[in-house]
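First up is the structure itself, then whatever we jot down about it.
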């Protein structure tokens with residue numbers, strides 16, 4: 015979904031006169047940003063149990079879907095990056111990174127587990143639209159296809 019978010023940003027940039035370098039920065043940064051909410055938890059897999067009863071358990075430094083899945087944090091990252099940097103490419107990268115993360119969080123908000131909205135350690139809210147991995151993939155591919163169509167429509 016990060017690539018789709020990057021294409022939508024690139025379409026917006028293109029409509030305001032952005033070129034190929036802005037396109038590349040937007041797509042790359044939003045793609046990386048869409049991975050960050052899960053990667054920043056610094057997760058590892060640990061084996062637990064005895065010989066015949068071993069299982070792998072996910073352990074992470076930051077609990078899953080807390081601080082890294084809090085939309086307020088990613089909005090602040092985008093705003094701070096835009097306000098801090100003067101170079102247009104760095105500004106695009108900061109905003110695209112946060113947009114990619116927000117799209118990831120929106121995708122997770124569709125699942126029953128949900129995401130925190132007001133407090134990173136508080137109640138999680140869910141749209142409860144998706145209950146299977148197949149449905150998640152269909153939504154992700156549909157979002158990407160829609161983003162490509164919008165980008166192609168803007169470029170022409």
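Residue numbers (this note's numbering): 15 to 170.
All C-beta atoms, glycine included, are put in the ideal place defined by N, C-alpha and C.
Which residue comes first and which comes last in the beta strand (DSSP E) that contains residue i?
i          : result
residue 59 : 57-62
Let's see if you can read the secondary structure: which residues bound the alpha helix (DSSP H) around residue i?
i           : result
residue 145 : Note, residue 145: premise wrong, no alpha helix (DSSP H); not H, not E.
residue 119 : 102-123
residue 23  : 16-29
residue 87  : 85-98
Are the C-beta of residue i and some C-beta of chain B separated by less than 8 angstroms?
i           : result
residue 113 : Chain labels in this structure do not include chain B; a single protein chain is all it has.
Report the three-state DSSP secondary structure of residue i (helix, strand or coil).
i           : result
residue 69  : strand
residue 140 : coil
residue 176 : Absent from the structure is residue 176, since the part of the chain shown begins at 15 and ends at 170.
Residue i to residue j, Cα distance in whole Å?
i           : j           : result
residue 122 : residue 81  : 14 angstroms
residue 136 : residue 130 : 6 angstroms
residue 15  : residue 68  : 34 angstroms
residue 65  : residue 145 : 33 angstroms
residue 42  : residue 104 : 12 angstroms
residue 109 : residue 63  : 44 angstroms
With 16 as the cutoff for other CB atoms within 10 Å, does residue i come out buried or exposed?
i           : result
residue 165 : buried
residue 106 : buried
residue 88  : buried
residue 157 : buried
residue 51  : buried
residue 152 : exposed
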